[in-house]
Structure formats: C-alpha cells, structure tokens
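Colleague: Can you keep this structure in mind? I'll have questions shortly.
Number of protein chains: 2
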Amino acid sequence: MPKKPLILVTNDDGITAPGIRTLIRLMNAIGDVVVVAPDSPQSGMGHAITVNTTLQVKPERVDNGPQREYSTSGTPADCVKLAKHEVLDRIPDICVSGINHGSNSSINVLYSGTMSAAIEAGIEGIPAIGFSLCDYNWDADFKPIEEHVTTIVKKVIENGLPEGIILNVNFPKLDGQPLKGIKVCRQAKANWVEEFDKRRNPQGKEYYWLTGKFVSFDDDDDTDEWALNNGYASVVPVTYDLTAKHFIEQLNSWNLND
Amino acid sequence: MPKKPLILVTNDDGITAPGIRTLIRLMNAIGDVVVVAPDSPQSGMGHAITVNTTLQVKPERVDNGPQREYSTSGTPADCVKLAKHEVLDRIPDICVSGINHGSNSSINVLYSGTMSAAIEAGIEGIPAIGFSLCDYNWDADFKPIEEHVTTIVKKVIENGLPEGIILNVNFPKLDGQPLKGIKVCRQAKANWVEEFDKRRNPQGKEYYWLTGKFVSFDDDDDTDEWALNNGYASVVPVTYDLTAKHFIEQLNSWNLND
Chain A
43 MPKKPLILVT NDDGITAPGI RTLIRLMNAI GDVVVVAPDS PQSGMGHAIT VNTTLQVKPE
103 RVDNGPQREY STSGTPADCV KLAKHEVLDR IPDICVSGIN HGSNSSINVL YSGTMSAAIE
163 AGIEGIPAIG FSLCDYNWDA DFKPIEEHVT TIVKKVIENG LPEGIILNVN FPKLDGQPLK
223 GIKVCRQAKA NWVEEFDKRR NPQGKEYYWL TGKFVSFDDD DDTDEWALNN GYASVVPVTY
283 DLTAKHFIEQ LNSWNLND
Chain B
43 MPKKPLILVT NDDGITAPGI RTLIRLMNAI GDVVVVAPDS PQSGMGHAIT VNTTLQVKPE
103 RVDNGPQREY STSGTPADCV KLAKHEVLDR IPDICVSGIN HGSNSSINVL YSGTMSAAIE
163 AGIEGIPAIG FSLCDYNWDA DFKPIEEHVT TIVKKVIENG LPEGIILNVN FPKLDGQPLK
223 GIKVCRQAKA NWVEEFDKRR NPQGKEYYWL TGKFVSFDDD DDTDEWALNN GYASVVPVTY
283 DLTAKHFIEQ LNSWNLND
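As you go down the protein sequences, you meet chains A and B in turn. Using the working numbering, the letters of the first sequence map in sequence onto residues 43 to 300. Using the working numbering, the letters of the second sequence map in sequence onto residues 43 to 300.
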C-alpha cells in the first residue's frame, strides 16, 4: 500500500473556525494531517509576513481527530513558513488552506490570507489549494461542498501541479440547491467600490471603518464571478509571477534611458 | 499652461522615512503633492487591509515643503483607499510609492507593502509606480537615483499606463558607481530560503524570529535580479490578474466534474 500523503492544513480565520475544522476532518480521510494555523482571525492580511516582531508556535488539541495541530501568533503566510521549517520534518505532499468563510474570487485573491497561505506554499514548492465558501457566516453550511473539496484534493495529489501554479477554489452559497458543477475559470475583473464609515469616538476623535461593495466589470462567462453567480464552483489556476509580459515590448518603446 | 498633475505619495516604511521624504521632494518639482502614508513602518505587510479594527487619519507637517500630508494607522493599501475616498477630492493623476529602503524585486513584490500600495492604486484606476532602492539602511543614499525616479514618473504621466498595469522599479545600491541604465525586465524566479532564529524569553518560553537568505534560481539576463546584480535599474510591469492562463486548458483535461 502506498504511503499516506502528508497534508498541511492552514487558514486565515483562525484554528477554531468551522471552515478549517471541516477541512481537517475531510483531509483525515485522505492522509496524515498536520495543522499549522493562526491563533486568531487574520482576514484581509494578504501576503503579510511578520518581520518586525517575534512568532510563537503552540501545540493544540481542538478536537479528538488524529491530526497534529499547532497555532501560531503569525499571519497565514507565516504559518506555512513555520510549518515547513520548524514543525514538519518532511515537505508535505499538499497544502490546503481554508475553508474560508467568505469569497476569495476575483480581486479578493490579493487581500486573502487564505490564498496567500496557499501561494506561500506554492512558492516553497508544495502543491497548494485555497478553498473558500461564499458565505461569511460563522455557521455557514459546508456539508454540500464536502465531496467536491475531497475530489479536488485527490485530483491534485494524483496529478500534481506544475511549478508556480496554485488553485483558487470558490464555492457559491448553495441555499439548498445542488452545485451545478465545477468550472475552470479566469479571475474576473472586479473591484471593491469602497466607502469609509466615519464615526467619532467618545472623546470626539474621528475614526473610520472600511466598508464597501463588490462590483464586477466583467460580463464574460469564463470568469470566477460568472461561475459563482450561476451556481458553479470556480477553480482559478493562480501564479505568483506578476509580470505583465504583454506590456514589456511597449514599455521598451518608451526609451526610459533617454 | 496645463494644470499641474496631482500626485499621491505613499510608502510602507512610514511617513518620516528618508525614502519617502526624498520622493516627496522630487514630486514637488513635478506637480501638486498629497502624501497619505502609514504612521509607522509597515514592511512585509503585503496586500493587507484593515477590516477588523478602525483607522485613524491625522494631518501632518513633517517639513516645510508645499505638499499636504496625512499619516494613517493603516497599512499601505489602506492609505491608498483612504486617500482616494476620504482625503482627495479628485482622482490623482499618478500614485508613487516608496522610495522603499530595500529590494522589492522578484518574489519580494508579493510581501511588499510598497508595491501593494501601488497595486491598490492600479486597482482603483490610478497609474502607479513603486520605487525601491536595494539598500536596507535608514541612511541609504538616494541622491544618485533621484534623476531616474523623476524621469520614470514623467514618462508615466506623459504616456499613461494601460488598465491593470503597475510599474515595479528597483535601483541597485550604487556605492559610488554610476547607474548603467534602466532595463525593462520580467520578475526573476527566486525565493527566500528561510530559517527561523529560535530563542527563549526570560520566562523560558520559545519564540522565533523570521530570517533567511534570498536565492535566485534564474540565470537569464531578462530578469530584475540580473539587472540589479549588473548595475542596472529594473522596471517590471506588474499585473494583479493572477490567472495562470497557460494552465487553464490542462486543468480542464482533469475533468473535475467526474
């Protein structure tokens, strides 16, 4: 019998979030699971790493599953670095991040701690997937997406991922409807139209809360937004090479040395 | 006479850093400058945004220049959002971020607060450039790169940038040598080989400092690392569409719906 895969599980909502507890349970059926996750919510942390302060790592026992678990004081990207360099004694076969409570489709991939953990794993040479459910509720129902998460993880273990590719998987909120299917997509052109909620503290000093509305500028049917709005899960292959190769030639014509 | 351009200046090293003070001085010669920058260093913050706590904005007067200045309690990406939505009464003609004390070439673009501010501006439809000098020193000598920063900003104001393109500009540490030139590049394949420095606090509890060595796996002469190692400034056009388009077809062949 082949050796069971070693699966690193992390997230950005913190080690006790229902989303990661679901993911851990599903992964225990596939391989040997080690969890290294933030000790508190880290939403919106993007690809932040901790360079100006210290990091703590603490063994945890959140439930009775067979997994080994650690919480850290760091960001999601820190968790992956700590897992690889301090917690694990071999490179994991796969890293799964999530299941995030809320969407990480489209432009949200940039702000997402869930996806940054997965991308960090990708940078470190570990096949990686970020999972998100488009439901910000702490009580979100992960049940209907469980089998699909398992399928996607198994396919990645089976096929591997090329160097530099990470999967960004988002599921729509299903509300009792069956998932229509899984669609390979590109990242939609979309944006947050922000507003700041300006308030005054009891001392009369102004402060702001970031708020805003997500707006898609992209009507094509090959995007993650289209898939999610039409009852499909979206799978976007993501790269961390940000070079806009199509603009290099034009930029050269600017003659920056003149 | 055409109206002077409105220039938004930000950074991740904090509003008092010599790098941003240099950039403000240079921009005052080109246009009307508004500074919205973090009140304290935010290195390594990546594309973090502040969603779980409040934000403060404070008028500042750091020197006697003609610019308007504000510090914020937020991340570099927050600064750009606050600038656009709360501080400025019209969309700036350009956003410049930096000059960072230290490299943001290659994979560092992901961890960089400097570049995330520029990318955030790009997302918001503002032509944007991140500038970095490969010298982590607070006393770094920005003098030799000043004219090149000015040239690049003027070229971007003149030519504009297509939607979704941001420039990542890095300068080598010059140590008295003249800059050999400015090269348009792609992001090098490189990585941090991390180590954690494990210590014990006075109470005997373990903690870690992130440390590591930057290693390039890319010997080609069209990369930012090559340029910087050979005395050139690197200009990488950057996109925030992370879709790995070349992998979509292969991923479809996996039949994720079976």
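Just so it is clear, CB atoms sit at the ideal spot from N, CA and C, and this is done for glycine as well.
If contact is defined by three or more beta carbon pairs under 8 Å, each pair taking one atom from either stretch, is the segment 104-113 of chain A in contact with the segment 133-146 of chain A?
Modeller: In short, these stretches do not touch, since the Cβ pair count stays below three.
Colleague: Mind listing which residues of the segment 274-285 of chain A have their C-beta closer than 8 Å to chain B's C-betas, in chain order?
Modeller: The residues in question are 277, 278, 279, 280, 281, 282, 283, 284, 285.
Colleague: Where does residue 106 (chain B) sit, in a helix, a strand or coil, going by DSSP?
Modeller: In this structure, residue 106 (chain B) counts as coil in the three-state DSSP scheme.
Colleague: For residue 93 (chain B), which of helix, strand or coil comes out of DSSP?
Modeller: The answer is coil: DSSP assigns residue 93 (chain B) none of H, G, I, E or B.
Colleague: Ordered along the chain, which non-local residues of its own chain (more than five positions away) have a Cβ less than 8 Å from that of residue 102 (chain B)?
Modeller: So the list reads 57, 77, 111, 112, 113, once near-sequence residues are dropped.
Colleague: Going by C-alpha to C-alpha distance, which of B:152, B:133, B:253 sits closest to residue 88 (chain A)?
Modeller: Comparing Cα positions, the closest option is B:152.
Colleague: What did DSSP end up calling residue 239 (chain B) once you bin it into helix, strand or coil?
Modeller: Three-state DSSP puts residue 239 (chain B) in a strand.
Colleague: Return the residue from the list A:91, A:271, A:228 that minimises the CA-CA distance to residue 155 (chain A).
Modeller: Of A:91, A:271, A:228, the residue nearest in Cα terms is A:91.
Colleague: Considering only residues of the segment 111-151 of chain B, which uninterrupted beta strand (DSSP E) runs meet the minimum length of 3 residues and lie entirely inside it, listed in chain order?
Modeller: Listed in chain order, the complete beta strand (DSSP E) runs (minimum 3 residues) inside the segment 111-151 of chain B are 136-143.
Colleague: If you follow the alpha helix (DSSP H) that residue 166 (chain A) is in, where does it begin and where does it stop?
Modeller: Per DSSP, residue 166 (chain A) belongs to no alpha helix (DSSP H) and is neither H nor E.
Colleague: List the whole-angstrom C-beta distance separating residue 275 (chain B) from residue 225 (chain B), where the pair is believed to meet the contact cut-off of C-beta under 8 Å.
Modeller: That belief holds up - the Cβ atoms of residue 275 (chain B) and residue 225 (chain B) are roughly 7 Å apart, short of 8 Å.
Colleague: Just verifying my parser: in three-state terms, what is the DSSP assignment at residue 70 (chain B)?
Modeller: Helix at residue 70 (chain B).
Colleague: Can the beta-carbon of residue 145 (chain A) be found less than 7 Å from the beta-carbon of residue 267 (chain A)?
Modeller: Result no, Cβ atoms of residue 145 (chain A) and residue 267 (chain A) do not sit closer than 7 Å.
Colleague: Between residue 253 (chain B) and chain A, is the shortest Cβ-Cβ distance under 7 Å, so that the two count as touching?
Modeller: No, no contact with chain A.
Colleague: If distances are taken between C-alpha atoms only, which option among A:62, A:50, A:299 comes closest to residue 124 (chain A)?
Modeller: Considering only alpha carbons, the answer is A:50.
Colleague: Classify residue 206 (chain B) as helix, strand or coil using the three-state DSSP reduction.
Modeller: Residue state, collapsed to three classes: coil.
Colleague: With distances taken between CB atoms, is the gap from residue 165 (chain A) to residue 134 (chain A) smaller than 7 Å?
Modeller: The answer is no: Cβ separation not under 7 Å.
Colleague: Exposed or buried, which one is residue 234 (chain A) when buried takes at least 16 other CB atoms within 10 Å?
Modeller: Residue 234 (chain A) is buried by the Cβ-count criterion.
Colleague: Assuming contact is defined by CB atoms lying nearer than 7 Å, are residue 161 (chain A) and residue 209 (chain A) in contact in what I supplied?
Modeller: The answer is no: Cβ separation not under 7 Å.
Colleague: My understanding is that residue 137 (chain B) touches residue 119 (chain B), with C-beta atoms under 8 Å, so please give their C-beta distance in whole angstroms.
Modeller: Contact flag wrong, Cβ pair sits at about 12 Å.
Colleague: Report yes or no: do the segment 175-195 of chain A and the segment 212-224 of chain A share at least 3 C-beta pairs separated by less than 8 Å?
Modeller: Contact holds: three or more Cβ-Cβ distances are below 8 Å.
Colleague: Taking its Cβ as the centre, do 16 or more other Cβ atoms sit within 10 Å of residue 247 (chain B), making it buried, or is it exposed?
Modeller: Residue 247 (chain B) should be labelled exposed.
Colleague: Can you give me the Cβ contacts of residue 249 (chain A) inside the same chain, cut-off strictly under 7 Å, excluding the 5 residues immediately before and after it?
Modeller: So the qualifying residues of the chain are 241, 243.
Colleague: Can you name the start and end residues of the alpha helix (DSSP H) that residue 194 (chain A) belongs to?
Modeller: 188-201 is the extent of the alpha helix (DSSP H) around residue 194 (chain A).
Colleague: Where does residue 153 (chain B) sit, in a helix, a strand or coil, going by DSSP?
Modeller: If DSSP states are grouped into helix, strand and coil, residue 153 (chain B) belongs with the helices.
Colleague: For the candidate residues A:46, A:278, A:270, A:251, whose alpha-carbon lies nearest to that of residue 128 (chain B)?
Modeller: Of the listed residues, the one whose Cα sits closest to residue 128 (chain B) is A:251.
Colleague: If you draw a straight line from the C-alpha of residue 68 (chain B) to the C-alpha of residue 195 (chain B), how long is it?
Modeller: Near 10 Å, if we compare the C-alpha coordinates of residue 195 (chain B) and residue 68 (chain B).
Colleague: Between which residues of its own chain and residue 188 (chain B) is the CB-CB distance below 8 Å, once the five residues before and five after are set aside?
Modeller: Closer than 8 Å at the Cβ level, and outside the excluded window around residue 188 (chain B), lie 64, 68.
Colleague: Taking only beta-carbon atoms, is residue 296 (chain A) less than 7 Å away from chain B?
Modeller: Chain B, which has a Cβ nearer than 7 Å to the Cβ of residue 296 (chain A), makes this yes.
Colleague: Alpha carbon to alpha carbon, how far is residue 73 (chain A) from residue 206 (chain A)? Give it in angstroms, no decimals.
Modeller: Rounded to whole angstroms, residue 206 (chain A) to residue 73 (chain A) spans 24 Å at the Cα level.
Colleague: In its own chain, which residues sit with a C-beta less than 7 Å from the C-beta of residue 278 (chain B), not counting the 5 before and 5 after it?
Modeller: Taken in chain order, the residues that qualify are 210, 227, 228, 229, 266.
Colleague: Hey, how far is the Cα of residue 197 (chain B) from the Cα of residue 297 (chain A)?
Modeller: When rounded, the distance between both Cα atoms is 9 Å.
Colleague: Going by C-alpha to C-alpha distance, which of A:257, A:94, A:200 sits closest to residue 293 (chain B)?
Modeller: Cα-wise, what sits closest to residue 293 (chain B) is A:200.
Colleague: List, in order along the chain, the chain A residues whose C-beta lies closer than 8 Å to that of residue 220 (chain B)?
Modeller: Neighbours of residue 220 (chain B) on chain A: none; closest Cβ ~12 Å, over 8 Å.
Colleague: Using a Cβ-Cβ cutoff of 7 Å, what residues of the segment 55-82 of chain B are near chain A? List them in chain order.
Modeller: For the segment 55-82 of chain B, which is checked against every Cβ of chain A, not one residue is closer than 7 Å.
Colleague: For residue 228 (chain A), decide whether its Cβ has a neighbour in chain B, counting only Cβ atoms nearer than 7 Å.
Modeller: Yes, contact with chain B.
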